[in-house]
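**Student:** Okay, here's the structure, questions in a sec.
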Amino acid sequence: MSEQAVLQGETGAAAPPRFEFPAETSELLRSCVHCGLCLGACPTYRENGDENDSPRGRLYLMKGLAYGKIEPAPAVQRHLDLCLDCRACETACPSGVHYGRILETTREYLNEAAPPPWHVKLLRKFVFEQLFARPVLLSTLTTLMRFQQTSGLRRFLHSVGVMKLLPPRLRLMEAMQPPLEEAPFRSNAPAVFPADGDAPRMKVALFSGCVMDLMLGEIHRATVKVLQAYGIEVHTVHAQHCCGALMFHAGEANTGRMLAKRNIEAFGGLGVDWIVNNSAGCGAVLKEYGEWLPGDERAHAFAKKNKDVSEILAGLEPVRPYKRISATVCYDAPCHLLHAQKISAQPVELIKRIPGVAWIELPDANFCCGAAGVYNLTQPAMSRAVLRRKVEAIRSTGAEIVLTGNPGCLLQIRQGCKEAGLSCEVLHPMELLARAL
Amino acid sequence: MDHEPQQPPMIPAVLRAELMAAVGPGNVKVAAEELHVYECDGLTIDTAVPGAVVFVHSTEQVVKVVKACAAAQQPFVARGAGTGLSGGAVALNNAVVIELARMNRILELDLENRVALVEPGVVNLRLSEACRSEGLHYAPDPSSQGSCTIGGNVAENSGGPHTLKLGVTVNHVLGLEVVLPDGRVVNLGGPLPGLPGYDLTGLFVGSEGTFGIATKVWVKLTPNPEAVKTLLAVFPSIDAASRAVSAIIARGIVPAALELIDQQVIRAVEEWLHLGFPTEAGAVLLIELDGLRDGLDLLAGRVMDACRSSDCLDVRAAKDDAERLLLWKARKQAFGAVGRLSPSYYVQDGVIPRSKLPEVLAKIQAAGRKHGLTTANVFHAGDGNLHPLILFDERKPEEVERALKCNDEVLAAVVEAGGMLSGEHGIGMEKLKFMPQVFSEDDLEGMRRVREAFDPNYLANPGKAIPARRCWEVKGHKPPEAEAAALPPMRKA
């Protein structure tokens, strides 16, 4: 008799599952009626036509886990891991299935019920619980990156062909790093940026995050400039942390909750009207803090205070006139702005205000670009396939400037366009607005 | 949890090896967990786990896979997006699912002759999008058109709201390349209409996968109308709305679409889209008129008159394209929105004479009440194509039983009114047992002979579309017991 059989006892009854499928998730799963209207909206299903890689199929897998019909086998994990968590299916779903929440809580369950191998666990522990949770580590890493870029080390390594020896994922990471000529944002920012014009029309605090703060500081500076030009006073919060989006998406909710609490603390008692962010992925999760910390009043209040910068600006006029920018422009909607936060019209409206801008509709702008947090590193093949379609769509517009309001998408699309030999500029909408103001 | 983990169904090792050789090992799925999601299509009541799922990429691969199945006497089922609503893509008898979703190329767009040649996995809406800039579209527009495939539409002879004026799939398919159940490839029809010989294209469309697998489809493309006007008419009761439908048709008007949405569905849709639908209304009609710009307003006026003569509370035209699209979104995704009212629903599909609408709708409501279940209606009123929805909770076996009984009574009401079992969803497996109520044994025998001309060994999608001759179709394949027991007595011809 095998050890397993002995453990199960003479009765032959299967051992009870060690981890209960979360009841909340089980309840949420009921809202899927299996109509399949989500299939056409799913980037991974569009690539491989596998029901297991469609939203409906993944929900059926998760229902299978919830009802004990299937085991958390490697195949199940693989299909759930291949999900971009772009939540385009939520927009397509007439029944109101909370797909993102279902997926993320199921991932949390699977991390316990079917833990990954030790080396993956260790890497995840380092990345999620150390690197992103400790600003000093991330900023050290950025300093090193900046050094290899500016000292000529990177150019040297490339010239001698050492980079070709790197494993593909590292090579991709290396290729995608943004140019770090510019300084980080927060460490050089004053406590308050005054509004242009007379009295400020509102006061906001800027959520500047982690990676974006260190590596894409110029987007924050552009955002501040635009906000100021719209007569808004901007406050810097130095004690803030990573928003936790990566952790929540990966099922590492406990680390995410810890970061959420720190942010709630950092932004508490500031006396600002809104907390503004310019990163769709961060914004989506900031607005979900209430769901991740149920029963925490401060978390709910915090969540309600967060707004994407385009939401803030949409109804307003700047205090000084726009300069003309003559360019053809298209806009790719970041999934967590469009599908998670349901913000579609505001960014477009803002861009169209700039005189001289010739707007071109990007086909399938509502589809993911394949960046999806760290998905481009964890699932490089699918990410590339999804990106390829995005780049072809961009090519078909012939636009000179491509805009997207999320750092991951920005770097991904920039890299994709560069590789495809497109000469377009890929910018955050705030960068273009800043040029015009 | 009272469910036992499922055992993977097995196909013979030799067959498995042949399938892998035909399409490559990565394109054959045999893991229990992965087969689990293929156990049903859009109808979740009927399930059966397939023996394998095979992804095909070309006609040649389909031929190899079908030949391998034929040699092993292994039944097979073609599948597209799996959005069908009659269990047509359920893999009974351990069948191998031949997944065509990756055969999704538009091979030719002949805009001059308004013909397209497509592979079966092309998503319905994507075809219309591909020729939109040329002022053309593919007319059949099932509500699932953003997901469902042309191949599946061919199998089920799918309709859609706009088929009232333009006709269903069979009216838009010119020809087919078909892999027969023994692996031979034949062409039925072709890019030109009206080829001599039997209309085998017409025969194949709607055969629910029982004649073979379409691997190429020639379809007609339809010019977009010069102008479109969409009206929303609000009625105090479903009865008044039904009368308006008859009044419109009686005036000799053929709208592009004429859809009825009842109060339950209005509420579900309103909760989702916040369109400002009157949630207290008994029913609304969505009426679309199209054609030349000149005269369209006049036509709209006549439709409005017809509505007012039927006690309509309010009737107005969509003010712009955005509102028009939103109204259609509400209509087309209404089934899914019903998920907000109930965890599961059973959607039926029957056609009745328009004049019987009020009578049959009342019977549907009564059947729901009798079984303590909510029923809802959203359907193509213009051609009397009903889609009653029966709401239930799939976790309560007793409630599922009641839903099934209620469903039987709904279909009985349709048949009693001189109606038909399916307008566009097909018979699949769920309505098999009602076939003897509307067809004589001789009728059915005739259908079986046609089927046998294509598929003498009953390997292509067995257990669908027409009931078995005696006990089951093939020796050696046992019927699911429930199915055999449920067969009602034959109607005397």
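Protein sequence lines correspond, in order, to chains S and Y. By the count of this note's numbering, the first sequence reaches residue 437 at its end, each step adding exactly one. By the count of this note's numbering, the second sequence reaches residue 930 at its end, each step adding exactly one. Ideal placement from N, C-alpha and C gives every residue a C-beta, glycine not left out. As the structure is a prediction and not an experimental result, all values here were calculated from the model.
What does Y/Ser781 pair with, by DSSP beta-bridge criteria?
**Tutor:** DSSP lists Y/Phe829 as partners of Y/Ser781.
**Student:** Just checking my contact of Y/His609 with Y/Lys657 at CB under 8 Å: how many whole Å lie between their CB atoms?
**Tutor:** Their Cβ separation, rounded to whole angstroms, is 5 Å, which keeps Y/His609 and Y/Lys657 in contact under 8 Å.
**Student:** At what residue ranges does the region 592-650 of chain Y contain a whole run of the beta strand (DSSP E), taking only runs of 3 or more?
**Tutor:** Correct list: 610-616 and 622-626.
**Student:** In the structure shown, what three-state DSSP assignment does Y/Phe816 receive?
**Tutor:** Correct three-state label for Y/Phe816: strand.
**Student:** Give me the Cα-Cα distance between S/Leu411 and Y/Phe492, rounded to the nearest whole angstrom.
**Tutor:** So the two alpha carbons sit approximately 34 Å from each other.
**Student:** From this set, S/Glu431, S/Arg257 and S/Met202, which residue's C-alpha is nearest S/Val319's C-alpha?
**Tutor:** Measuring from the Cα of S/Val319, the nearest candidate turns out to be S/Met202.
**Student:** Taking S/Pro461 as the reference, which of Y/Gly819, Y/Ser792, Y/Leu750 and Y/Glu470 has the closest Cα?
**Tutor:** Outside the displayed range of chain S (1 to 437) lies residue 461 of chain S, so it cannot be described from this structure.
**Student:** Taking only beta-carbon positions, decide if Y/Tyr782 is within less than 8 Å of chain S.
**Tutor:** At least one chain S Cβ lies under 8 Å of Y/Tyr782.
**Student:** Taking Y/Val451 as part of the alpha helix (DSSP H), name the residues at either end of that continuous run.
**Tutor:** From DSSP, the alpha helix (DSSP H) with Y/Val451 extends over Ala450 to Val460.
**Student:** Let me see if you follow: with CB-CB separation under 8 Å, is S/Ile360 close to chain Y or not?
**Tutor:** S/Ile360 does not count as touching chain Y.
**Student:** Please list, in chain order, all residues of the same chain as S/Ala175 whose beta carbon is under 8 Å from its beta carbon, the five residues on each side excluded.
**Tutor:** Cβ neighbours of S/Ala175 beyond the five flanking positions: Gln415.
**Student:** What does Y/Trp709 touch in chain S if you count any residue whose Cβ is under 7 Å from its own?
**Tutor:** Within 7 Å Cβ-Cβ: Pro94 and Gly96.
**Student:** Take Y/Ala934 and list the residues in its own chain whose beta-carbon comes closer than 6 Å to its own, dropping the five residues that flank it on each side.
**Tutor:** Any answer about residue 934 of chain Y is impossible in this case: the structure gives chain Y only from 438 up to 930.
**Student:** Would you verify that the beta carbon of Y/Ser584 is, or is not, closer than 8 Å to some beta carbon of chain S?
**Tutor:** Chain S, which has a Cβ nearer than 8 Å to the Cβ of Y/Ser584, makes this yes.
**Student:** In the DSSP assignment, find the alpha helix (DSSP H) that holds S/Tyr289 and state where it starts and stops.
**Tutor:** That run of the alpha helix (DSSP H) goes Tyr289 to Trp292.
**Student:** Do Y/Tyr783 and Y/Leu726 have their C-beta atoms within less than 8 Å of each other?
**Tutor:** It is not a contact, given that the beta carbons lie outside the stated cut-off.
**Student:** If contact means a Cβ-Cβ distance below 7 Å, which residues of the region 568-602 of chain Y contact chain S?
**Tutor:** Answer set for the region 568-602 of chain Y: Ser581, Gly583 and Ser584.
**Student:** Check whether chain S comes within 8 Å of Y/Arg680, counting only Cβ atoms and requiring the distance to be less than that.
**Tutor:** Judged by the 8 Å Cβ criterion, Y/Arg680 is not in contact with chain S.
**Student:** Using the beta-carbon of each residue, which ones in chain S are nearer than 8 Å to Y/Arg704?
**Tutor:** Here the premise fails: no neighbours, minimum Cβ distance about 13 Å.
**Student:** Within 8 Å of any Cβ in chain S, is that where the Cβ of Y/Asp895 sits?
**Tutor:** Checking the displayed sequence, the identity of residue 895 of chain Y turns out to be Tyr instead of Asp. So, not an interface residue.
**Student:** So with CB distances below 7 Å, who are the chain Y contacts of S/Arg30?
**Tutor:** Pro780, listed in chain order.
**Student:** For S/Arg353, does the three-state DSSP call read helix, strand or coil?
**Tutor:** DSSP places S/Arg353 in coil when its eight states are reduced to three.
**Student:** DSSP puts Y/Asp751 in a beta bridge; with which residues?
**Tutor:** Answer is Y/Val671.
**Student:** Below 8 Å on C-beta distance, what does Y/Gly463 contact in chain S?
**Tutor:** Simply none; closest approach about 10 Å.
**Student:** At a Cβ threshold of 8 Å, is S/Tyr60 touching chain Y?
**Tutor:** Interface residue, yes.
**Student:** In three-state DSSP terms, what is Y/Asp758?
**Tutor:** Reduced to three states, the DSSP call for Y/Asp758 is helix.
**Student:** Assuming contact is defined by CB atoms lying nearer than 8 Å, are Y/Gly643 and Y/Pro618 in contact in what I supplied?
**Tutor:** No; because the gap between Cβ atoms is not below 8 Å, this pair is not in contact.
**Student:** Which runs of the alpha helix (DSSP H) fall wholly inside the region 31-75 of chain S and span at least 4 residues, in chain order?
**Tutor:** The region 31-75 of chain S contains these whole alpha helix (DSSP H) runs: 43-48 and 55-66.
**Student:** Going by other Cβ atoms of all chains shown within 10 Å of its Cβ, with 16 needed for buried, is Y/Gly646 buried or exposed?
**Tutor:** Buried, because 16 or more other Cβ atoms sit within 10 Å of the Cβ of Y/Gly646.
**Student:** Y/Gly479 versus chain S: which residues are under 8 Å apart at the beta carbon?
**Tutor:** What Y/Gly479 touches in chain S: His34, Cys35 and Gly36.
**Student:** Kindly indicate the opening and closing residues of the alpha helix (DSSP H) around S/Met382.
**Tutor:** Segment Pro380 to Thr397, the alpha helix (DSSP H) holding S/Met382.
**Student:** Would a check of beta-carbon distances place S/Asn366 closer than 8 Å to chain Y?
**Tutor:** So, not an interface residue.
**Student:** CB S/Ile275 to CB S/Ser310, shorter than 8 Å?
**Tutor:** Taking 8 Å as the Cβ cut-off, S/Ile275 and S/Ser310 do not qualify as a contacting pair.
**Student:** In chain S, which residues lie less than 7 Å from Y/Gly865 when you measure between Cβ atoms?
**Tutor:** Correct list: empty, because the minimum Cβ distance to chain S is about 15 Å.
**Student:** Looking only at its chain, what residues have a beta carbon closer than 7 Å to the beta carbon of S/Gly251, apart from the 5 residues adjacent to it on each side?
**Tutor:** Excluding residues within five positions, the ones whose Cβ falls inside 7 Å are Glu104, Arg107, Glu108, Leu110 and Asn111.
**Student:** With DSSP collapsed to three states, give me the class of S/Cys330.
**Tutor:** Strand.
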